[in-house]
Structure formats: C-alpha cells, structure tokens
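Since the structure comes first, as structure tokens, the remarks are kept for the end.
Residue numbers (this note's numbering), protein chains in the order written: chain A, -5 to 559; chain B, 839 to 1268.
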C-alpha cells in the first residue's frame, strides 16, 4: 500500500501519453505526406502541389459547407431538444421513463441506427409503406430525394437521434452536481414557471458542466463517416467521406491529396468548434440581462410542448428504425408496399449464426479490455487530483479530449505507420489500445464530474478515523462511486463496440468484430444479414448497460443512500 | 466478379490525371518483350526472394503449417462461404491455415502495404494474398509493391492455356507479367423485373428511349464505384464512332472528341434517372437493394450469377430475368496477387495454385455456391474434370447459356481514370 500514492500520481501522465502520442504522432504521419513527403510513394520533396490539387477538387466548397452545417445544426438541435425536455419534464414521470429508455438507445451503434433510419424514411421504407397504396395511391415507391438530400437534412436527423441520448445522459449525470433540484425548487417557490425557472436558475450552471461533451458531439458530427455515407448526399458528400475515399483510392498519388484533405478536415472541425464557442459568448452576452429581469413566464407551454414533441419524435424515429431492423432480419422476399414481411422467416438468422460466435467473442474481449484499461486510467487520474488537492491543469484536460476533437480520419493513417515502426503486431493488443484512445475520453467524460463533486467531507471523516489514502480510496470513494463508475464502464464498452476504422486499420483487417462484419455486409447490399449483425452489435452494449443498472443493486444491497444520487 | 475492384475505385479530383503519365510510352511490343523477359528472369528473381519458384515440391514443403492472410472483399455471403470452403480444403490437403481478412474496400489493403513499406517493413507484411484487379493492380505494380513474377510458375496455370486465352495475362489491357494469377471472370449483366417490364432495352441508345418512357426506374452506381464506371465504359464503347483509341492509353488520343458522344448521352439520360440523377446508389449491391425494394425496374451487375442467386436468397423478385446487351457487354478477368513483403509467400503460392485447380474452379462455378466463371480452358482438362464443370440446372433468372459469348474487352485503365475524373467534374458536385 506504500506504493499507492506514487502509482496514482504516475497515472495521469500515463493517460496523457496514451492519448496524446498516437494522435500527435498520427497527425505528423499525415502532415508529412500533405506537404509531399512520403518516400515509400516517391514523395521526397516538400511541396504545396497537393494542396493546390485539393483546392481544385470540384465541389470542395460544398463538402466543407456540408460538414460545417450538418455538424453545427445537428448539435444545436440535439442540445435544444435535450434542454427543453429536461426543463419541461424535470422531476416528472416522463423523465424517469426516458431515463430508463436511455441506456438501450445510447447503445445503438451509429451505423446500425443510420441503416435503420434510412430504411424508415426512404421512398420504399416503412413510413411510406404505412400509407401505401392507400391513402397515398403509391403502387410503386415515389421518387423523392430523401435521405441523401443536398442540404443534409437526412444526415442531420440521423445524427440528432444518436446525439440526443448521449447529451441527455451527460446532462442527467451533471444535474445533481449543479444543485439543480434545489435551484429549481427555489425558483419555483418564487413563482417562476417550470421552463423559465430551469432556463434562468439551472441552465447557466448546467451548461459549463456539459460543455466538453457538447464539443465532442460537434467534432463527431462534423467529421463522421459512417452516418454520412448512409444518410448524407453523395454528389458531393461531406468532407470526411471524401477523405476516406481518397485514402482508399487505387491511384496511390491520391494519398498525398488525402493527407492534405485530412488536415483540412481538422481545420473544418476546429472552425465548427470555434463558431460554437463564439456563439456561446454571444448568447451569454445577449441573455445576461434577461436572467435577472424578473419575468416569470416566457412562453412556457409552447416550449414545453416543443420539447416533449421533439423528444418523442426522436425516440419514435429510433424505435421505428430498430423495428425495421428486426423486421428485415426476419424477412423473406418483402415487396413494396407490403407493410409486414410475410411469411416471417428465420432464414437470415440461421445463415448468420454459425459465423456470429467468433466476432461476438472478439468484440466482447476487446471491449472489456479497452474499457478496463480506460477505467483504471480515468479513476487513477481523478484520484491523483484528490491526492494533489487540485484539479487537472487546463492543458492536460484538453489532451484528454484530443482523440474526440481531432477527426479520426485525420490521424489514423499516420498511426498505422507508427504502429509498424513501433513493431506492434497488428492484432488484438493493437486494436485494444487504439480503442482505448476513444474509450478513455468517454469514460473520463462520464465519470469526472461525479468524482470531483463527491462531498469532500467523506474523505475528511475517513482520514480523521485514521484511514490511509489507499484505504480511503478503496473503502470509501470507490463504493460511493459505484453507480457512476459502472455507468462510465457501460458507455466506454458501447463506444468500443461501435469502433470501425480503428479496428480495421490496427488489426490489418485480421480481426473480425460485429462492427466490421456489419459494415462490410452493409456494403454488400443484403439487408437481412446486415440487420442480423446490426442487432447483434446492439445487443452487447445493451447487455453492458443492463449490468451497470443491476450490479449496484446486488453489490450495494446492504448500504443505503449509495444508489440515489 | 472482381468485387475487389468493384469497391475500390474511388473519388479522384481532376488534378490526379497527372498520374496518367505513367501509362505513356507503353506499346504492345514493349508488353510482349516485358512478358518474355520476366519469364526468362524467373529463377533469378526467385533466388532473390529465397524461394525457388521452379521447385514446386520445396514450396509445398515450406507452405506446411503456414497461416495465409488473404485480404478479399467480404461483402457477399456466397463469396465468403466459398472462401471458407477453400480454407477447409487447404487445411486438409496442405496443412495451410487460410484466414479470410474481410475488406469492404481493396484500397484498404493497398494502404496497408504502403504503410508497411514506408515503415521499412520489407519482409514481415501482414498481407499474404490480395484479391485484386484493374486500377488497384496497376497502382501496386507501378509502385513495386508486388511479389513476383510468380503466376506462370504455378503448376495449374497451364490449365488456363494463356496462349489461346490471352485475357488471363491482361488486366484492363495492362500485362500482368506474372505478378497476379487469374482466378475468375466477370461480365456486365443486365437484369429486370419481368412483372414490370416486358421487353428490356437491348442497347445503350435504346436504354435512353426506355428511360424517357419510364422516368425514375433506372440508375447507375455513383462513379467512381467500379460498377458505375463500368457502365460509363460500356456506354462509351457503344456510342464512340471509333473504338480503336480505347485500347491505347487515353493520352494518345483526343479525349474530349472521343468521349463527346458519351457526355451528350448522359446529359440526355440523367433527368430521367432515379431521383432525377441528383443522387446515385453507392454501389452495385445497393442498386440490387433498390431493385428488391421496387424502386428500380432495370439494373445491372458485373457478376453474371448475381440475379439468380439473389432470387434464391429472397433479395430480388422471383420474376427477375437477366440478359446481356445485343452487341455484347464488357467482361474481364480477376486475379490474386502477393504483396512484396508477404510473410508467408510459400503458403500464398500454394493457395493461388489451389484456386486454379479444376476442383476449386468447378466448385466456384456452381451457381448454388457462387457462380463465378472459370478461367480454365476446357480443352486443357481431361474428360472427368470437364464433366464437373457442366451445369444442367434450369433457373429462369439466370442468363441463357450462350449470352456470355458476347464479351467486349476492357479498355486501357487510363480511360477509366479519365472518365471518372471527367464525370466527377461534370456531375459530381451539382
């Protein structure tokens, strides 16, 4: 136990190294080719020619605009929905119900949700079948352009339904830490209508707590590949999709342009973040006065209705698309406009099952290892703060969010080169480490506020009773934090299960996970088999969340007050 | 079937046409002498790689116990099942563990080899075998990323009778020079729903008339998807006044003049396409899904057996029928290649040879398994082996037996690159 403090103090540095070295190294591995340096491909002089090629790409402006607008709009809409909903329904039964639905919703991998949404909303999809041939009169599917519309509306919908659950989870976790309940009650007792009370008394305290998750959402939305490929426009697509296409171009000279484009993507994402940051400043300034103007009603009923309706819509869309996945996995030949496949068949499941076990085990193994490592590092880093008695330096905190803010397409190709130089064989270990790169920030994000806000008097009491730091950590802090730790683990596990690009690149494609299978099947056009894999991909994280919910009740059944925040 | 290439051809801006320079200065005599040279150079090269390609028994001994990582497109359950069968058989016969590394894009494997070369990994590469053809092959060959020449050293290669079937030595007019071994054949095949469409258009010009009469019921995959680009080439071959320049590097002729009829045609066709030509399916398989959803009435594929197989798998209506255009359609051969830094070259060689065996080729041809056409020449086989290639099953969705005799050769790959670039300039950012 004498080693406890030195070990804990070393962990933040370990975490920072794990997160920053691959990202910075990967970026360097992209920067060099962007400037013309990649001797393996004959690039042995520094030049800006590849930037000129990139600038001459037809439609580049549209690609950048799409990335920016879909990233910002989807984040804004998601945040608005979440805030309106919490504001209108805080301390009601609706919130408790949504809280229960949240975990399975959060567990839906992006690709699976996008495939489901696409099927729901295409002209031959479930929604259109619901009204065909009567009352629409459509004997054959109508020919309208959605999803894939040039404004990216379909893409925005797809992003919003995945971001709402995430932001909701982050907000619900942050609510107790800004004394939301007490503030709300005070404001209500002063006669403020529910939403107005929330907006004036809680929101200014809540937003800073969820700012980093919001930034992560912006970065993801402006640079994501899978959702954009499935729901976004194709001529031209958002920038990140083009980057991946150029990286995979058989004309190897395109690697240089792809590297330049990857850096441009980084710039686009940073621009989106900067624009949001400016927006924050602007809103804070504009609404500063209205916080204290004493008005107690601000169109409450209307806003509450909007919040409820949009949340309901988001849940219905996601639910409908999951229903679509289930139906497709059970369908034989299913022509338009039949609403249900008949007869239902287990054909796809029977065909898929023999091949399912291996990827299932592989996915679970990598997910558990990556989550375990991330959890240990996150808890260690947070405990180190407690030992030092002060929070993490601002720059260190930023490093933690580096992999979430730097678009994966910008540094993963460079990372593969580093992997070769470091002699790390492509395989489970490399993939697990790469997953940790994305899992650790999310785990930290989920856990940090609960950890830091834990009442310091517990520690003081324990210390005064003669407990060492190690025993204080093991016997007081960990038990008190069981619920947030398990939730963070479930979030981390879900993040790991959904990873596609890192799995593919760091294993040289040798490892088959549910996600790599689902994505390669989605490219093959057999919707039944793709649906089976998407559902399996969803099952694992759902199991993780179920465990996170039930384990504390088993472990803590002799302690009171630990389960309720 | 070339799925490898099907997904691997991607977006390129106009500026990349500079890379076309590498095709300049290649002539047929140059090709032939190159082939002759590589064949005579075999033993020397083999020694360099510490593998004697002329001692097959030694290669088979060296291959025992090796694990071969085969990077191959993994988006089709039938192809995957065939590869699993090949893995089982190789394990039993040669004690080789064959691992199918499932790609959604062959470019990923090419990237991997480049990254390894950049990192100085010259003999412990992660990839032992790649299913490849077309531009990916040309790119790897040009950048010295391939092991070989090895193809002519495979004992079963003689069964393809390359003298009478020169297509097994040419990949999009580029001589393979033994750097890849033939594996199967593909041909552009159209299919339609006979319940919605009685007489399908038999030529590219007739297709335009048909699309005008049935707006929104036809489309092609987004260029540069392989299937989409193949449609462009098919249209160009039918519309061009003189097709001779298409079989030479594009830089040697007036590209704008040769392709003008194609762009006029597409300008006329696009307003009548699915989604008014403002959005395109991402791939051939997505187009098949749209047929299954009833959004399209007519589509095409590069895998002749695909429509019949998809009917059997409940993905297409039972009323599906397939055909090739009256004047014939594009066809090509697809191959397997070994990266220069493969860790298990002996195992990869034995695998490539096994894939060329009559047993493996006949199994692959079986429509119930995959339906991919053989590269073997029936005249090179004995009677018993020939008999295993005969299929007498009747399937209304399958092509008539004589349809595939109408095959047009692929243009030089530089045309594909230029066509894709110009298409993207004209239609890629509307």
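Heads up, the beta-carbon is just placed ideally off N, CA and C, and yes, glycines get one too.
Within the 8 Å Cβ cut-off, does residue i reach chain B?
| i | result |
| --- | --- |
| residue 327(A) | yes |
| residue 498(A) | yes |
| residue 222(A) | no |
| residue 559(A) | Interpretation of residue 559(A) is limited by its pLDDT of 45, a score under 50 that renders its predicted location unreliable; the figure taken from the coordinates is listed afterwards. With 8 Å as the cut-off, residue 559(A) does not count as an interface residue toward chain B. |
| residue 245(A) | yes |
| residue 352(A) | no |
| residue 103(A) | no |
| residue 59(A) | no |
By the criterion of Cβ-Cβ separation under 9 Å, what are the contact partners of residue i in chain B?
| i | result |
| --- | --- |
| residue 407(A) | 949 and 953 |
Give the straight-line distance between the Cα atoms of residue i and residue j, rounded to the nearest whole angstrom.
| i | j | result |
| --- | --- | --- |
| residue 346(A) | residue 526(A) | 7 Å |
| residue 999(B) | residue 1215(B) | 6 Å |
| residue 83(A) | residue 160(A) | 18 Å |
| residue 907(B) | residue 1102(B) | 46 Å |
| residue 1112(B) | residue 1067(B) | 17 Å |
| residue 11(A) | residue 1255(B) | 43 Å |
| residue 119(A) | residue 153(A) | 19 Å |
| residue 1135(B) | residue 305(A) | 38 Å |
| residue 13(A) | residue 156(A) | 25 Å |
| residue 28(A) | residue 248(A) | 10 Å |
| residue 1124(B) | residue 971(B) | 21 Å |
| residue 1211(B) | residue 35(A) | 35 Å |
| residue 60(A) | residue 0(A) | 49 Å |
| residue 326(A) | residue 1117(B) | 28 Å |
| residue 1218(B) | residue 930(B) | 26 Å |
| residue 404(A) | residue 1262(B) | 24 Å |
In the DSSP output, what is residue i paired with across the bridge?
| i | result |
| --- | --- |
| residue 1160(B) | 1029(B) |
| residue 32(A) | 37(A) |
| residue 1246(B) | 1168(B) |
| residue 994(B) | Looking at the DSSP assignment, residue 994(B) forms no beta bridge with any residue, so it has no partner. |
| residue 907(B) | 937(B) |
| residue 1211(B) | 1023(B) |
| residue 1173(B) | 970(B) and 1020(B) |
| residue 1205(B) | According to DSSP, residue 1205(B) bridges with nothing at all. |
| residue 1008(B) | 1013(B) |
| residue 984(B) | 1177(B) |
Determine, for residue i, whether the minimum Cβ-Cβ distance to residues of chain A falls below 8 Å.
| i | result |
| --- | --- |
| residue 1052(B) | no |
| residue 1118(B) | yes |
| residue 861(B) | Any reading at residue 861(B) needs caution, since the residue's pLDDT is 33, under 50, leaving its predicted position unreliable; the model's value is listed next. Not one chain A Cβ lies under 8 Å of residue 861(B). |
| residue 923(B) | no |
| residue 864(B) | Low local confidence applies: a pLDDT of 36 at residue 864(B) is under 50, so the model's placement there is unreliable, with the coordinate-based value given in what follows. So no, residue 864(B) is outside the interface. |
| residue 1248(B) | no |
| residue 1179(B) | no |
| residue 965(B) | yes |
| residue 1113(B) | yes |
| residue 1124(B) | yes |
Please list the partners that residue i has in chain B, where partner means a Cβ-to-Cβ separation under 7 Å.
| i | result |
| --- | --- |
| residue 34(A) | 952, 955 and 956 |
| residue 414(A) | 953, 954, 957 and 959 |
| residue 513(A) | 942 |
| residue 411(A) | 953, 956 and 957 |
Taking residue i as the query, report the chain A residues whose CB atoms sit under 7 Å from its CB, ordered along the chain.
| i | result |
| --- | --- |
| residue 832(B) | Chain B is shown only over 839 to 1268; residue 832(B) falls outside these bounds and no answer can be derived. |
| residue 1263(B) | 52 |
| residue 912(B) | 514 |
Using 7 Å as the cut-off, classify the Cβ of residue i as near or not near the heavy atoms of the ligand FAD, replying yes or no.
| i | result |
| --- | --- |
| residue 488(A) | Looking at this structure, you won't find the ligand FAD or any other ligand, since it has none at all. |
Name, please, each residue of chain A whose Cβ falls closer than 8 Å to the Cβ of residue i.
| i | result |
| --- | --- |
| residue 1266(B) | 52, 53, 229 and 230 |
| residue 1255(B) | 245 |
| residue 1155(B) | 327 and 329 |
Since residue i meets chain B, which of its residues come closer than 8 Å, beta carbon to beta carbon?
| i | result |
| --- | --- |
| residue 506(A) | 940 |
| residue 341(A) | 1152 |
| residue 129(A) | Going along chain B, no residue has its Cβ under 8 Å from residue 129(A), so there is no contact; the nearest lies around 19 Å. |
Could you name the residues of chain A that residue i contacts, counting a contact when the two beta carbons are closer than 9 Å?
| i | result |
| --- | --- |
| residue 1171(B) | Under the 9 Å cutoff, chain A gives no residues; its nearest Cβ is about 17 Å from residue 1171(B). |
| residue 1127(B) | 519, 520 and 521 |
| residue 1206(B) | Chain A residues near residue 1206(B): none, gap ~14 Å exceeds 9 Å. |
- Item | Sequence ranges, alpha helix (DSSP H) only - wholly within the region 1062 to 1143 of chain B, length at least 4 | 1064 to 1077, 1093 to 1107 and 1122 to 1131, all fully within the region 1062 to 1143 of chain B.
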